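Participant: The structure under discussion is supplied below as C-alpha cells; questions concerning it will follow.
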Amino acid sequence: MDDAPEAQQGFHFDPSLPPGMPVMAPFEEMTDTLEAEDASMVWAMEMGDLFPNAEVRKLREDGISTREGINYQVQTNPDLVPPNVKFEIDDVESPWVGDRKYDFIFCRYMIGSIADYPKLIRSIYDNLNPGGWAEFTDMSGKYYSADGTLSEEHATYKWNNMLMDTIAAMGGESRPGPQLEGWVHEAAGFQNVVHRKFILPIGPWPKDPHYRELGLINLIQILEGLEGFSMRTFCGVLGWTRVQAEVMLAQVRNELKAVHAFHAQFDIHNVVAQKPFEEA
1 MDDAPEAQQG
11 FHFDPSLPPG
21 MPVMAPFEEM
31 TDTLEAEDAS
41 MVWAMEMGDL
51 FPNAEVRKLR
61 EDGISTREGI
71 NYQVQTNPDL
81 VPPNVKFEID
91 DVESPWVGDR
101 KYDFIFCRYM
111 IGSIADYPKL
121 IRSIYDNLNP
131 GGWAEFTDMS
141 GKYYSADGTL
151 SEEHATYKWN
161 NMLMDTIAAM
171 GGESRPGPQL
181 EGWVHEAAGF
191 QNVVHRKFIL
201 PIGPWPKDPH
211 YRELGLINLI
221 QILEGLEGFS
231 MRTFCGVLGW
241 TRVQAEVMLA
251 QVRNELKAVH
261 AFHAQFDIHN
271 VVAQKPFEEA
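Residues 1 to 280 (UniProt numbering) are what the sequence shown spells out, left to right.
If you want it as C-alpha cells, here you go:
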C-alpha cells in the first residue's frame with residue numbers, strides 16, 4: 001500500500017477507535033510509546049499532545065532495510081508536530097536494535113506489508129516494559145455483503161480477490177485481522193487479551209446515520225488509493241498492461257460510486273494485550 005496518495009497519508013480515520021479515544025488499551029499514563037503503521041501520522045501527534053511527558057515514536061513500515069532510520073517528518077508541517085514526537089522509516093520485520101523498552105506499542109493496518117506477523121508480535125512483546133500494553137488493529141481484507149448483493153459477477157469482487165491473492169503470492173499477509181487474536185496468544189506470553197471486531201461499510205448505503213458516515217469516509221479513502229496500490233500489484237506483479245488495469249479500475253469505480261449497486265463491507269479486528277509484570 002506504499003503507493004497510496006500522500007493525501008491519504010495525512011487522513012486519520014480509524015473506525016475501531018471511539019471518537020476522542022486514540023487507543024483502546026486501558027492505561028492512564030506512559031513514558032514511551034511506539035506506533036508501527038503504514039499510514040497516517042496524525043495518531044502519533046495526537047498521542048504526543050495527550051501525553052506531553054512521553055516520547056512518541058512512529059515507525060512507517062517500509063520493508064527496505066537500506067532506508068532504516070530515515071526521518072520523514074518533512075512530509076508534514078513541522079510546526080504541527082509536538083516536540084516529543086519523532087517520525088522514522090524502518091523495517092519492523094528486521095531485528096530490533098538496542099535495549100529500549102516501551103510502555104505501549106500500537107501496531108495497525110500493516111496488511112500486505114508484513115510477511116511474518118507472529119515474528120513481529122514476538123518482537124513487540126520483547127520490546128515492551130513489564131506491564132506494558134500492545135494494541136493491534138488490522139483488516140480482514142476480503143470484501144463481502146451480508147445480504148448477498150455483492151457477487152462474483154461484480155468487478156469489485158473480482159478486483160478485491162485478485163488483489164488479496166496477489167499480495168499473498170508476494171509473501172505478504174492479505175487477511176491478518178481474523179488471525180490477530182490467535183497470533184497474540186500463540187506467539188508470545190501476553191495476558192489480559194481482549195479481541196473486538198468491527199464492521200466497516202463501503203459507501204453510504206447503511207440506513208444507520210453513524211454507519212452511513214463511516215461508509216462514506218471509507219469509500220473516499222478507497223477511491224483515493226485505488227489506482228496507487230492496484231497498479232503496483234496488477235502491472236508490477238501480474239504483468240498487466242496499464243490499459244488493462246485502467247479498464248478494470250474504471251468498472252470498480254463505477255460500481256462503488258453507484259452506492260446501492262451492492263452493500264459491500266469488510267471487517268476490522270482490534271486486539272489489546274498486556275505483557276505480564278513478572279514472566280513465568
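Virtual Cβ for every residue (Gly too), placed ideally from N, Cα, C.
Predicted, not measured: the structure shown is a model, and the values here were computed from it.
(1) Only counting the same chain, and skipping five residues up and downstream in sequence, which positions put a Cβ closer than 7 Å to that of residue 180?
(2) Within the same chain, show all residues whose beta-carbon is closer than 8 Å to that of residue 255, passing over the 5 residues directly before and after it, in chain order.
(3) Residue 72 by DSSP, collapsed to three states: which one?
(4) Suppose you measure from the CA of residue 207 to the CA of residue 132; what does that come to, to the nearest Å?
(5) Residue 116 to residue 129, Cα distance in whole Å?
(6) Assign residue 94 to one of two classes, buried (16 or more other C-beta atoms within 10 Å of its C-beta) or exposed (fewer than that).
(7) Assuming residue 217 is part of the alpha helix (DSSP H), what are its boundary residues?
(8) For residue 194, name the three-state secondary structure that DSSP assigns.
(9) Check for me: the beta strand (DSSP E) holding residue 165 runs from which residue to which?
(10) Three-state secondary structure (DSSP) at residue 248?
(11) Could you please give me the residues that DSSP links to residue 266 through a beta bridge?
(12) Residue 11 to residue 226, Cα distance in whole Å?
(13) So for residue 178, helix, strand or coil by DSSP?
(14) Grouping DSSP H, G and I as helix and E and B as strand, with all else coil, what is residue 254?
Facilitator: Considering the structure as presented:
(1) Taken in chain order, the residues that qualify are 136, 138, 269 and 271.
(2) The answer, listed in chain order, is 154, 155, 156, 261 and 262.
(3) Any answer about residue 72 is weak, because its pLDDT of 32 lies below 50 and its placement is not dependable; what the coordinates show is given next. Correct three-state label for residue 72: coil.
(4) When rounded, the distance between both Cα atoms is 40 Å.
(5) The C-alpha of residue 116 lies about 23 Å from the C-alpha of residue 129.
(6) Exposed, because fewer than 16 other Cβ atoms sit within 10 Å of the Cβ of residue 94.
(7) Unbroken alpha helix (DSSP H) run through residue 217: 209 to 236.
(8) Three-state result, residue 194: strand.
(9) Where residue 165 is concerned, there is no enclosing beta strand (DSSP E), although the alpha helix (DSSP H) around it starts and stops at 155 to 169.
(10) Looking at residue 248 - three-state DSSP - the assignment turns out to be helix.
(11) DSSP output for residue 266 lists 200 as bridge partner(s).
(12) Because the pLDDT of residue 11 is 36, which lies under 50, any placement of that residue in the model is unreliable, and the number read from its coordinates should be weighed accordingly. Spanning the two alpha carbons is a distance of roughly 15 Å.
(13) Three-state result, residue 178: helix.
(14) The answer is helix: DSSP assigns residue 254 an H, G or I state.
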